[in-house]
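So the sequence shown is residues 1 to 424, counted in the UniProt record's numbering.
Input: a single structure, listed below in structure tokens.
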Amino acid sequence: MKILVLSNFYPPEVVGGYELACAQAVDALRRLGHEVLVLTASARGFVPPEDHVLRRFTIADIWNRHAMARRPAVVQRLMDVRSRLVHAPNVAALAETVADFRPDVAYVHNLTGLGGLGLIAALNHLGVPWAWQLGDSVPSYCCSVWGRVVPALAERFGAEARGTFIAVSSRLVEEIEGLGVPLNGRVELLPYWVDGRPRPVPRRRIRNGPLRVVSAGRLTPYKGIDLLIEAAGIVKRSRWSVEIDFFGAEADVDENHYPALLQQHEVEDRVRFLGPLDHASLIERYRDYEAFAFPTWEREPFGIGPIEAAAHGGCLPIISQSCGLAEWLVHGVHCLKVKPTAEDLARAFLDLLEWRIDPRPIADRAHASTWRDFHIDVIAPRLEALLRDAADSPRASPPGAASEVVRLALLAEGLAESLVAEAA
Numbered sequence: 001m002k003i004l005v006l007s008n009f010y011p012p013e014v015v016g017g018y019e020l021a022c023a024q025a026v027d028a029l030r031r032l033g034h035e036v037l038v039l040t041a042s043a044r045g046f047v048p049p050e051d052h053v054l055r056r057f058t059i060a061d062i063w064n065r066h067a068m069a070r071r072p073a074v075v076q077r078l079m080d081v082r083s084r085l086v087h088a089p090n091v092a093a094l095a096e097t098v099a100d101f102r103p104d105v106a107y108v109h110n111l112t113g114l115g116g117l118g119l120i121a122a123l124n125h126l127g128v129p130w131a132w133q134l135g136d137s138v139p140s141y142c143c144s145v146w147g148r149v150v151p152a153l154a155e156r157f158g159a160e161a162r163g164t165f166i167a168v169s170s171r172l173v174e175e176i177e178g179l180g181v182p183l184n185g186r187v188e189l190l191p192y193w194v195d196g197r198p199r200p201v202p203r204r205r206i207r208n209g210p211l212r213v214v215s216a217g218r219l220t221p222y223k224g225i226d227l228l229i230e231a232a233g234i235v236k237r238s239r240w241s242v243e244i245d246f247f248g249a250e251a252d253v254d255e256n257h258y259p260a261l262l263q264q265h266e267v268e269d270r271v272r273f274l275g276p277l278d279h280a281s282l283i284e285r286y287r288d289y290e291a292f293a294f295p296t297w298e299r300e301p302f303g304i305g306p307i308e309a310a311a312h313g314g315c316l317p318i319i320s321q322s323c324g325l326a327e328w329l330v331h332g333v334h335c336l337k338v339k340p341t342a343e344d345l346a347r348a349f350l351d352l353l354e355w356r357i358d359p360r361p362i363a364d365r366a367h368a369s370t371w372r373d374f375h376i377d378v379i380a381p382r383l384e385a386l387l388r389d390a391a392d393s394p395r396a397s398p399p400g401a402a403s404e405v406v407r408l409a410l411l412a413e414g415l416a417e418s419l420v421a422e423a424a
């Protein structure tokens, strides 16, 4: 098959797991013999060219909150519209790429920042069947203005966007539809994956401590970072020791937030913020730890970090009982599930330190099952089958012209901008 992949970012431009998963899927599909072309945003710095990657999209940089806050309110809203609804230059880039490449199917990943609603509409208009890899609530994002779902947009999305949705958890599907955005095409559940090859992992003894814990990703309160710091303090007051290392960039807090929290809970000597690492270096560091802690918020769609740490470092996953990953793992068999509270986290740490729970068998099973069930080469044939089914699905109507879809995108963008300007 000729597969056109759409993604807002693509390595080495990485914001999180969505982009890494996209690249791993692309490589796996190419290994299966498919012709894959990635259409993504222009890089923010120099990136060596790759034959199978086109960096033609323009992205609305809504992630830079400090820069956004300095812009006038009307400019912020215009950027929000371009990020979520439609950005005509991106529709033009898509139409040009479709005309040149003539894909059998589009494999859609994260469209945040690209005007994703317009891109899905363009694929429909151009007659390109698609499958959308849902690693987050992107359809609801694309049907929203200023963070609120617009019922009329959601209704039209449900009526027109009848492709294949590949969701990483049932809770993600429930969240999207609970926000009023129907997924009226084919919906399939498929977990995220790991890549690489297994190798022996260190044999460790936790008894008597310290328990060495790692957490990585976006370092923000909703990912449970504050809870982990508080839990470290509870363990310390119980006269045991847990040492926690964080890898990643701090977000959504001012620069004094975490230093003050460390001081408040008296764990400056137990908790370290070690900054971001490239992906290869990060998975190598997992071998230094006994557990990966992920007490994230309820709406976490999946959570790839814990199973990567289990696969590459033999770490015991300690995860929020409500996150998407929890649907795919069994408590006490492949992981420990906790309520996202400092008290429940501390209880799990103390259970390991005081030997009420033997971590090694659980970590060993997590390591083995990750390579067996979550490796991209195991999952890729299922992705391939879903993409082939989408490519073979009957077309609802004859494809429209590229010039027409660009003209419609310009009209839609102009109308949206006029509405924003009038509301300012």
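From the three backbone atoms N, C-alpha and C, an ideal C-beta is built for every residue, glycine too.
Measure the Cβ-Cβ separation of residue i and residue j and say whether it is below 8 angstroms.
i, j, result
"Leu228", "Phe247", "no"
"Leu42", "Ile62", "It is worth fixing the name first, because residue 42 is Ser in this sequence and not Leu. No, the pair does not count as a contact, with Cβ atoms beyond the cut-off."
"residue 425", "Leu54", "For the chain, the structure presents residues 1 to 424; residue 425 sits outside this window and is missing."
"Ile244", "Ala342", "no"
"Lys223", "Arg270", "no"
"Ala348", "Val338", "yes"
"Ala366", "Pro317", "yes"
"Leu183", "Pro139", "yes"
"Val26", "Val15", "no"
"Ile357", "Cys335", "no"
"Leu386", "Ala131", "yes"
"Gly135", "Val108", "no"
"Pro200", "Trp371", "no"
"Pro129", "Lys2", "no"
"Asp252", "Pro221", "yes"
In this structure, how does DSSP classify residue i when only helix, strand and coil are distinguished?
i, result
"Ser144", "strand"
"Ser418", "helix"
"Phe273", "strand"
"Asp245", "strand"
"Cys323", "coil"
"Arg372", "helix"
"Arg299", "coil"
"Glu292", "Sequence inspection shows Phe at residue 292; the Glu mentioned does not correspond to that position. Reduced to three states, the DSSP call for Phe292 is strand."
"Arg31", "helix"
Suppose the cutoff is 8 angstroms on Cβ atoms and the five residues either side in sequence are ignored; what does the same chain contact list for residue i look like?
i, result
"Trp146", "Arg77, Asp80"
"Val406", "Ala88, Val91, Ala92, Ala95"
"Asp364", "Gly314"
Note down, in chain order, each residue of its chain lying with its Cβ closer than 7 angstroms to the Cβ of residue i, except the 5 sequence neighbours on either side.
i, result
"Ser170", "Leu189, Glu327"
"Leu298", "One point to set straight first is that residue 298 is Glu, not Leu, in the sequence displayed. Correct list, in chain order: Ser322."
"Pro202", "Arg287, Gly314"
"Leu282", "Ala216, Phe247"
"Leu353", "Ile206, Gly209, Leu211, Trp240"
"His331", "Lys337"
"Cys143", "Leu117, Val149, Val150, Leu153, Ala154, Phe157, Val181"
In or out: residue i buried (at least 16 other Cβ within 10 Å) or exposed?
i, result
"Asp226", "buried"
"Leu415", "exposed"
"Pro340", "buried"
"Phe165", "buried"
"Asn110", "buried"
"Phe46", "exposed"
"Glu50", "exposed"
"Leu419", "exposed"
"residue 450", "This structure cannot speak to residue 450, because the chain is shown only from 1 to 424."
"Glu174", "exposed"
Return the chain-ordered list of same chain residues with a C-beta closer than 6 angstroms to the C-beta of residue i, the five sequence neighbours on each side being excluded.
i, result
"Gly118", "Val86, Val91, Ala409"
"Ala309", "Tyr286, Phe292, Cys315"
"Ile376", "Gln24, Ala28, Trp193, Asp195"
"Glu230", "His265, Ala342"
"Arg30", "Val36"
"Ala21", "Tyr192"
"Leu277", "Phe247"
"Glu13", "Ala43"
Check whether chain C comes within 8 angstroms of residue i, counting only Cβ atoms and requiring the distance to be less than that.
i, result
"Val187", "This model lacks chain C altogether; it includes just one protein chain."
If you scan the segment 153–238 from start to end, which runs of the beta strand (DSSP E) of 3 or more residues do you find wholly inside it? Whole beta strand (DSSP E) segments, 3+ residues: 164–167, 186–189, 211–216.
Which runs of the beta strand (DSSP E) fall wholly inside the segment 79–137 and span at least 3 residues, in chain order? The qualifying runs are 105–108, 130–134.
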